[in-house]
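Read the structure below first, then the notes.
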Amino acid sequence: MNKPSFDEIYMELAENLAKRSHCVKAKVGAVLTKDTRIISLGYNGPPAGTHNCDIEWPSTGCPRDSKGSCSLALHAEQNAILYAAKSNVSIEGSTLYVTLSPCISCARVIYTLGIKKVYYLHSYAEYKGISSDEGVDFLRKFGVEVARYKKPEPSALN
Numbered sequence: 136m137n138k139p140s141f142d143e144i145y146m147e148l149a150e151n152l153a154k155r156s157h158c159v160k161a162k163v164g165a166v167l168t169k170d171t172r173i174i175s176l177g178y179n180g181p182p183a184g185t186h187n188c189d190i191e192w193p194s195t196g197c198p199r200d201s202k203g204s205c206s207l208a209l210h211a212e213q214n215a216i217l218y219a220a221k222s223n224v225s226i227e228g229s230t231l232y233v234t235l236s237p238c239i240s241c242a243r244v245i246y247t248l249g250i251k252k253v254y255y256l257h258s259y260a261e262y263k264g265i266s267s268d269e270g271v272d273f274l275r276k277f278g279v280e281v282a283r284y285k286k287p288e289p290s291a292l293n
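Counting from 136, one number per residue, gives the positions in the sequence shown under this note's numbering.
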């Protein structure tokens, strides 16, 4: 039996975490790792203890901001980073696995905090219908290793 790689395990975990999201529009999960250990987890949604969009606004989701984005949501990467910070866990030199490539705002935070590598499953640009993955472009420009994760063929896992 072939053992799954850590990349497979962490991205699968990010996918499962996304299922916890209360967001009506998109479900995103994130896993922060360092030296093959999980240091933090996150999924998108409003700050803990405030709202559950799928319960309060099940057909439309939370109110939109001036740019048409969720007015209440923290992104999955933000939640993982904030939880690590709240727990006094250093994320410098860590690797981030996320189901949707980082937006430009999250990319700036990822770079500033010293995350060295980002693996993403789906493209934010494709999801938003924009021309480029600005967050990915930003991270690459400033030396963060970024790669789109490709799931292994099912036969490779057996």
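Every residue, glycine too, gets a C-beta built ideally from N, C-alpha and C.
Values in this document were obtained by computation on a predicted structure and should not be read as measured data.
A Cβ-Cβ contact shorter than 9 Å links Y218 with S175.
Only exposed fits I265, as fewer than 16 other CB atoms lie within 10 angstroms of its CB. The distance from the Cβ of P182 to that of C188 is about 12 Å, inconsistent with a contact at the 8 Å cut-off. Going by DSSP, V233 is part of the beta strand (DSSP E) stretching over T230 to L235. For I173, the uninterrupted beta strand (DSSP E) run begins and ends at R172 to Y178, by DSSP. For L167, there is no enclosing alpha helix (DSSP H); the residue is part of the beta strand (DSSP E) that begins and ends at G164 to K169. The Cβ-Cβ distance between G228 and I250 falls below 9 Å.
With a threshold of 16 other beta carbon atoms within 10 Å, F273 meets it and is buried.
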